[in-house]
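So the structure is just underneath, and the comments pick up after that.
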Amino acid sequence: MEAIERIRDKARELLESQAVECVIGYERATDNVGARPLFAYEPGEVARFIFDQTCHHNLTRYLRDKKDRTVAVVAKPCDSRAINMLINEKQLERERVFIIGVVCPGMVEVGWSRPSQELQPLCRYCRQHTPVVYDFLAGEPPAEEPEPSPPYPDVAEMEGKSVAERRAFWSQHFERCIRCYACRQACPGCYCTECFVDRLDPLWVGIRIAPGENEMWNTIRAYHLAGRCIDCGACQQVCPVNIPLMLLNRKLGKEVEELFDFQAGLDAETPPPLVTFKKEEKLEADL
Amino acid sequence: MPAGSSYAYYPGCTLHSTAREYDVSLRLVCQKLGIELRELRDWACCGASSAHAESRLLGIALPARTLQAAEEMGLPLGVACAMCFSRLKLASHELADGDTLDLVGRIIGRGFGNKATVVHMLQVLDSEREALPVKRTLEGLKVASYYGCLLVRPRDIVGFDDEENPQIMDRLVEATGAHAVPWGFKTECCGAGFSVPRADIQLKLSHRILSQAKAAGADCVSVACPLCHSNLDSYQQVMRREYEHEIGLPVLYFTQLVGLALGLEPRELLLNRHVTDPLPVLKARGLA
Amino acid sequence: MAIEYQPRIIGFLCSWCSYAGADMAGTARIAYPPNVRIIRVPCSGRVDPLFVVKCFQQGADGVLVAGCHPGDCHYVEGNYHTRRRFALLRPFLDFLGIERERFRVEWVSASEGRRFSQVVSSFTQELLSLGPREGPAER
Amino acid sequence: MARIGVFLCHCGTNIAGTVNIPRLLEAAQRMPMVVYAAESKFSCSEPGQASIRAAIAEERLGRVVIACCSPRMHENTFRKAVAGAGLNPYLLEIANVREQCSWVHGFDKEAATAKAIELVRMAVAKVARHEPLSPQVMGLTKRALIIGGGIAGIQAALDIANAGHEVVLVEREPSIGGRMAQLDKTFPTLDCSACILTPKMVDIAQHPKITLLSYAQVEGVEGFIGNFRVRIRKKARYVNEERCTGCGTCWQKCPEKTPSEFDSDMGQRTAIYIPFLQAVPNKPVIDTAHCRYIKYLEWSQEKEGKKPPECRICEKLCPTGAIDWEQQDEVIEEEFGAIVVATGYQTFDPAAYAEYGGGAYPDVITGLQMERLMSASGPTGGEVIRPSDGAHPKTVVFVSCVGSRDEHKGRSYCSKVCCMYMAKHAIMLREHDPEVQSYIFYIDIRAGGKDYEEFVRRAQEEAGAIYLRGRISKIYPEEDKLIVLGEDSLIGRPVEIAADLVVLATGIEPSAGADELARELNISYDSYNFMVEAHPKLRPVETQTDGIYLAGACIGPRDIPETVAQGSAAAAKAVALFSQDSITTDPMTALVDPLKCVGCLVCVEVCPFNAAEAQLARDGRTIAAINEGLCKGCGLCVAACRPGAINLRGFTDQQLLAEVTELWR
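Those sequence lines, one after another, are chains A, B, C and D.
When we follow the working numbering, the leftmost residue of the first sequence carries the number 13, and every step to the right adds one.
When we follow the working numbering, the leftmost residue of the second sequence carries the number 218, and every step to the right adds one.
When we follow the working numbering, the leftmost residue of the third sequence carries the number 7, and every step to the right adds one.
When we follow the working numbering, the leftmost residue of the fourth sequence carries the number 571, and every step to the right adds one.
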């Protein structure tokens, strides 16, 4: 049976039995090309669910808003890691969310008229094609997960450049930032009641849209996701001026993996690297 | 080391001669357990006990040849004699040093990577302990496990067990249904090194070990080393003369005990080859 | 006329070890270049990486975070966290085009006045050889 | 708009000699919000302070900056001065222009002056964001909890009680007395242990200020210095303590015998028992593991196996009807201001030494067992006989460092007392029987202590003990002897001794459960589970947690004099605390903004002092809160708090940020 059929059946079953109040999934967007989130409250709505390579949105973003109610969510592997991350950070109770895991073929860029055949860059480096946590799985998990080596080719390439080149690269990107904060809104990990960038006292980031201030914002946004980013790429996906935000996130991801042998969201228990430490660990080399 | 695994088998000089019963019983037991022993072609003396005393390099180079052969076969090296085991372990420890490895590689005329892992057959059978297909339980038989001086020493290099009070053979003995008696002389020196120049010392030491085993209530002693075996087994008459003290304690290879438990016959296991005849004891326990 | 380049260093010093170490350098009159501006914090674990980034964004040429040697933290565990946070931040800054050399974490005990002055001297030297930071002209 | 006053100290020529004060003064006057600036030769001198106080009053200053020596030098001095003028003492900031400017930049007066100006600017910018702080004043409960009723705990309890404060002494065994009660004589004076200890035990029982909870255990500890809330479990004795008169009928008549822990298995006790005759309290407990009737009751539940006898003899014979089968464990909660941990030690279990028989040979005994054999109140009435056949040993071998100084057995430290008690045993053995010959195998003789070395000499010269330097390799029985194989490493020869009795000088290790208790108290412990002092030299009886003190062998191996001294030291700490009527905590603590907190509780995970805790907010969300009693103001949580919901009073983000940004204004 098609994955999508199984999603619809499960969604219908959950809504009819009133096991959940709402099922969050994807439906075809009005442009008939892309996908958009669908919040199904009635069994009748489940027919509208779709799942294909255009369903890139990370729907776990919406779970915190419904944290006091029981919902089901369609989760790709990266999305499922976000759920673990949120549980670990006590933002979510496992028993309040029913996870409809989907085996992920990787997402494609969605053009104007038709989806491109190209896999999104991020998906090419993907190491999880099966969700790390789920209550129900749609689709056949692959025999084994690929191990891209190096796991961070994009980061490695950038590291190969000279400091000056990197400086120039980021300056010209940050100068274009319009500080719309769409990246923040799309990120399942950005849930502070008041983001540091919005604070006037202390004034971490000046209100002016100036290169220096933009740099501060983009740097700290990424840093605040250190050891937490689950590699879904939602931030980059929504950036109107195409700043390669994931390059920043993934640089930190790479460091975290190398220094602390940790990847965010693989489980809900392991304490993330920045809330714990080992007395004997040797980090001085990096200081 | 799961069943069905294979080992490059190094019998060493004794297992084809004085300790044939060790070799035979070991092969039979491994057969039963589906463990393949592939004897190394053209293996050399391990160098014990004179080589390393003569020259450090010779002491490493001789075992190195064997290590290289095992590496070529791409199998872990299974050793039965405690002395060979010790020499091979120590050599591969020394060879961890790159320069030594190069030098020795040139000496034996074959460069190699010192990749082969060296295990004693006791370790191999120990890993089968849980699933030992016992046909004839040795219940009622009281066994004193004797490890000798080399098997678990030095701790930092070969030590897979406590060198004062090792357990691995006792575990295996218990797995056969027999009772491993607790005693304090598991790793005392049997005096082998002195058996020629100062037989009196060797006799004294061996006698002390045996009388302690007896005092601990053992019916027999279990060993994992041909030299320990010959010292403990063959001198018991002499002891009777020297100390007017009847020991009469059969000394078996652990492989023979396991063999019995697996349902093999005393004859197949060459139990008749021992100087101190184990059959009376076994008969008394209804095991032969 | 051109004025010679003088790097500006911000130093966050934990008040129990490193700030005391800096004082010790003073009482012992061990001279070091005047390029460092010291900000006193109770523990190096108080230093939110945001401060470091902010310093660079403001135009600092170098940033120093100094605390008790691991194991000697007055607050038992503070500097273990410091160690992790900045082991992560340092390569990240470098990735952004701020040379590793511009950010230092040092362990300086209350008795290491000489060491403190050496740290400041060598840091200043290093920054001089690196020269001024380029970056967005208008901050 | 803050009115800031700046005061520049010359410190004689220390500052003025290098920094151009007039220029600094001029610059200061032009700094934002600065309404007054002045200089002074010595600000810390009385006239200097007076001028500051005066200026605050006349110029109506709201904030003060003093450019002088290190705040670590005179911050408190100037806080008092400022307070003297009626200003909140925390509205002061010090610019360190001496240690961190004039003294280190003497070679370049220009640069020094320029730096000094910036330091003052930073201070001004920071002080403008200071807030008035007032130390939290908290009440304290002037009651002390002592955990452990050995000599350390007894000493601490008596000292605190004699100072007039209430004390609760919790002991897990049925009687207090601890290890010292088990000893026969004490080195180097050879006075009888019981004779000097039991009077103190009686004092505990009779002291009006001391409540003794024996057969009880600490289960939970909450709160902080001055305000601890402790849960204590009183284990069921099955004996009503009010009714029981301690007449002894029950334990004399109880038919069920079992090895006595107090006699470390050298003798027997009954199922209903007091550990020893001078026990305090002198009230028995019923040991459920052995009592026949309790076994019967258990049996009658499942009706499995053979029916045990329905004994109940103690109940039948008790003249006061004190036996109470219904009794249950009781958990009480008490409040304390201070806690003294004195959980002591146990001796190393020689089972780990197979080469010494690992406990298999009856005539290989431990030092503690020897004590019981020698003790006049012991199972043999002080007669030293072999456990195996009751014969009097003539040749006795002592093996030192069993479980000490031996990495292979996981104990690399020295147990400190063994050398001395072996010497004591040798001397006592001779006194018991002039024909006894003792051999003592040692690694080193550790006899550092008043009259200790002399004592060891006495063992050698008067008691004729033969000291052999070397470890024992093996002990094995032969006929009715124990053959001891060792080496005399001084002459490099193997030694073989046929002994009648072998005494293993078993080392000291922390009492079982020490680690759990430490975790419950949130104090640190080392890899051996010994408690860790706040500072090994300067704070030897304190812990990192204020209000919790340590005494005795729970910290590490100790002898009696040292242990008693520490008992008193810990008591002194507690009494000093109780001499105050309230605790004022440093106001520079962390503070949570409940509206910004997202309840990720990272702070709870990073706080080394358990000061951050989860709390239910009014709107039902779980958020973090800081316990000011526990907070030490390190700011670890502040830096870890992504939403910026936590701030640190005195070192707020705003204050530190102001210092940074000021430099580029």
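Where is the CB? At the ideal position from N, CA and C, for every residue including glycine.
Where the beta strand (DSSP E) through B:Ser267 begins and ends: Within the second sequence, residue 267 of chain B is the residue found at index 50, counting from 1. Run containing B:Ser267: none; DSSP gives neither H nor E here.
B:Met218, DSSP secondary structure in three states: Position 1 of the second sequence, counting from 1, holds the residue named residue 218 of chain B. Because the pLDDT of B:Met218 is 43, which lies under 50, any placement of that residue in the model is unreliable, and the question is left without a value.
Contact with chain A by D:Gly1214, beta-carbon distance below 8 Å: Taking the first residue of the fourth sequence as position 1, residue 1214 of chain D is located at position 644. By this cut-off, D:Gly1214 is an interface position.
is_contact[A:Cys235, chain C] using C-beta, thresh 8 Å: Taking the first residue of the first sequence as 1, we reach residue 235 of chain A at position 223. Strictly speaking, residue 235 of chain A in this sequence is Tyr, with Cys absent from that position. Interface residue, yes.
Short Cβ contact (8 Å threshold) for D:Asn852 with D:Gly891: Taking the first residue of the fourth sequence as position 1, residue 852 of chain D is located at position 282. Taking the first residue of the fourth sequence as position 1, residue 891 of chain D is located at position 321. Against a cut-off of 8 Å, the Cβ pair of D:Gly891 and D:Asn852 comes out as no contact.
CA-to-CA distance, D:Glu1086 to B:Asp436, given in whole angstroms: Taking the second sequence and counting its residues from 1, the one referred to as residue 436 of chain B is at position 219. Taking the fourth sequence and counting its residues from 1, the one referred to as residue 1086 of chain D is at position 516. So the alpha carbons of these two residues sit roughly 46 Å apart.
A:Lys263 in three-state terms, based on DSSP: As a working note, residue 263 of chain A is residue 251 in the first sequence. Reduced to three states, the DSSP call for A:Lys263 is helix.
is_contact[B:Gln429, chain D] using C-beta, thresh 8 Å: Translated into the one-based positions of the second sequence, residue 429 of chain B becomes position 212. So, interface residue.
Interface residues of chain A facing C:Ala93 [CB-CB closer than 7 Å]: Residue mapping note: residue 93 of chain C aligns to position 87 of the third sequence, counting from 1. Simply Leu271, Leu295, Asp298 and Leu299.
Short CB-CB distance (under 8 Å) between D:Ala1160 and chain A: Residue 1160 of chain D sits at position 590 when you count from the first residue of the fourth sequence. Answer no: the Cβ-Cβ gap between D:Ala1160 and chain A never drops below 8 Å.
Beta-carbon contacts of A:Ala59 that lie in its chain and below 8 Å, excluding the five residues immediately before and after: Within the first sequence, residue 59 of chain A is the residue found at index 47, counting from 1. Excluding residues within five positions, the ones whose Cβ falls inside 8 Å are Arg20.
Sequence-distant residues of the same chain with beta carbon closer than 7 Å to D:Cys888, five excluded per side: The residue you call residue 888 of chain D lines up with position 318 of the fourth sequence. Cβ within range, chain order: Thr819 and Cys820.
Through-space distance from B:Ile277 to B:Leu307, alpha-carbon basis: Here residue 307 of chain B corresponds to residue number 90 of the second sequence, with the count starting at 1. Here residue 277 of chain B corresponds to residue number 60 of the second sequence, with the count starting at 1. Going by the C-alpha atoms only, they are around 8 Å apart.
Cβ-based burial, B:Gly328 [other Cβ within 10 Å; buried from 16]: Walking along the second sequence from the start, residue 328 of chain B turns up at place 111. Per the 10 Å Cβ criterion, exposed.
Contacts of A:Lys102 in chain D (Cβ-Cβ under 8 Å): Residue mapping note: residue 102 of chain A aligns to position 90 of the first sequence, counting from 1. Going along chain D in sequence order, the residues near A:Lys102 (Cβ under 8 Å) are Gly1169, Cys1170, Leu1171 and Thr1192.
D:Asn666: first and last residue of the uninterrupted beta strand (DSSP E) it sits in: Taking the first residue of the fourth sequence as position 1, residue 666 of chain D is located at position 96. Looking at the DSSP string, the run of the beta strand (DSSP E) that includes D:Asn666 is Leu662 to Asn666.
Members of the segment 51-77 of chain C near chain D, C-beta cut-off 7 Å: Gly51, Arg52, Val53, Asp54, Phe57, Lys60, Cys61, Gln64 and Gly65
C:Phe18 burial status per 10 Å Cβ neighbour count (16 or more: buried): Numbered from 1 along the third sequence, position 12 holds the residue referred to as residue 18 of chain C. With 16 or more other Cβ atoms within 10 Å, it is buried.
Stretch-stretch touch, CB-based, cutoff 8 Å, three pairs: the segment 653-668 of chain D with the segment 709-726 of chain D: no
Contacts that C:Tyr81 makes with chain A (C-beta to C-beta distance below 8 Å): Within the third sequence, the letter at position 75 stands for residue 81 of chain C. None at all; the shortest Cβ gap to chain A is about 13 Å.
Under 8 Å between C-beta atoms of D:Met603 and D:Arg691: Counting from one through the fourth sequence, the residue named residue 603 of chain D turns up at place 33. Counting from one through the fourth sequence, the residue named residue 691 of chain D turns up at place 121. It is not a contact, given that the beta carbons lie outside the stated cut-off.
Residues in the segment 392-420 of chain B having any Cβ partner in chain D nearer than 8 Å: Pro399, Gly401, Phe402, Lys403 and Glu405
Any chain D beta carbon closer than 8 Å to C:Met110: Taking the third sequence and counting its residues from 1, one reaches residue 110 of chain C at position 104. Reading the sequence as shown, one finds Arg at residue 110 of chain C and not Met. No, its Cβ sits nowhere closer than 8 Å to a Cβ of chain D.
Proximity test, Cβ basis, 8 Å: B:Ala281 and chain D: Residue numbering aside, residue 281 of chain B sits at position 64 when the second sequence is read from its first letter. It does not; no Cβ of chain D falls within 8 Å.
Which residues DSSP lists as bridging B:Gly434, in chain order: Here residue 434 of chain B refers to the residue found at position 217 when the second sequence is read from its first residue. According to DSSP, B:Gly434 bridges with nothing at all.
Reduced DSSP secondary structure (H/G/I, E/B, other) of C:Ser24: One-based indexing of the third sequence puts residue 24 of chain C at position 18. Of the three classes helix, strand and coil, the one that applies to C:Ser24 here is helix, per DSSP.
Contact set between the segment 211-243 of chain A and chain D, restricted to residues whose Cβ is under 8 Å from the partner: Arg211, Asp213, Pro214, Leu215, Trp216 and His236
Inter-residue spacing [alpha-carbon to alpha-carbon] between B:Gly182 and B:Arg273: For residue 182 of chain B there is no data in the structure shown, the boundaries of chain B being 218 and 505.
Per-residue DSSP class, three states only, for B:Cys415: To locate residue 415 of chain B, count along the second sequence from 1; it is residue 198. According to the sequence provided, residue 415 of chain B is Arg. The question's Cys does not apply to it. Coil at B:Arg415, not helix or strand.
Below-8 Å beta-carbon distance, A:Phe274 vs any chain C residue: Along the first sequence, one-based indexing puts residue 274 of chain A at 262. So, not an interface residue.
Partners in chain D for B:Glu381, counting only beta-carbon separations shorter than 7 Å: In the second sequence, residue 381 of chain B corresponds to position 164, counting from 1. Near B:Glu381 (Cβ distances below 7 Å), the residues of chain D are Ala924 and Glu925.
Integer-rounded CB distance, given that A:Ala47 should sit under 8 Å from A:Thr66: As a position in the first sequence, residue 66 of chain A is number 54, starting the count at 1. As a position in the first sequence, residue 47 of chain A is number 35, starting the count at 1. Between A:Ala47 and A:Thr66 the Cβ distance is about 4 Å, and since that is below 8 Å, they are a contact.
In DSSP terms, what D:Gln706 is bridged to: Here residue 706 of chain D is taken as the residue at index 136 of the fourth sequence, counted from 1. In the DSSP output, where bridge partners are listed per residue, D:Gln706 has D:Thr1155.
Runs of beta strand (DSSP E) wholly within the segment 894-968 of chain D (minimum 3 residues, chain order): 900-906, 908-911, 915-917 and 934-936
N- and C-terminal bounds of the alpha helix (DSSP H) containing A:Gln249: Reading the first sequence from its first residue, position 237 is the one you call residue 249 of chain A. Note, A:Gln249: alpha helix (DSSP H), Ala246 to Val250.
Where D:Leu1233 falls: helix, strand or coil (DSSP): Position 663 of the fourth sequence holds residue 1233 of chain D. Of the three classes helix, strand and coil, the one that applies to D:Leu1233 here is coil, per DSSP.
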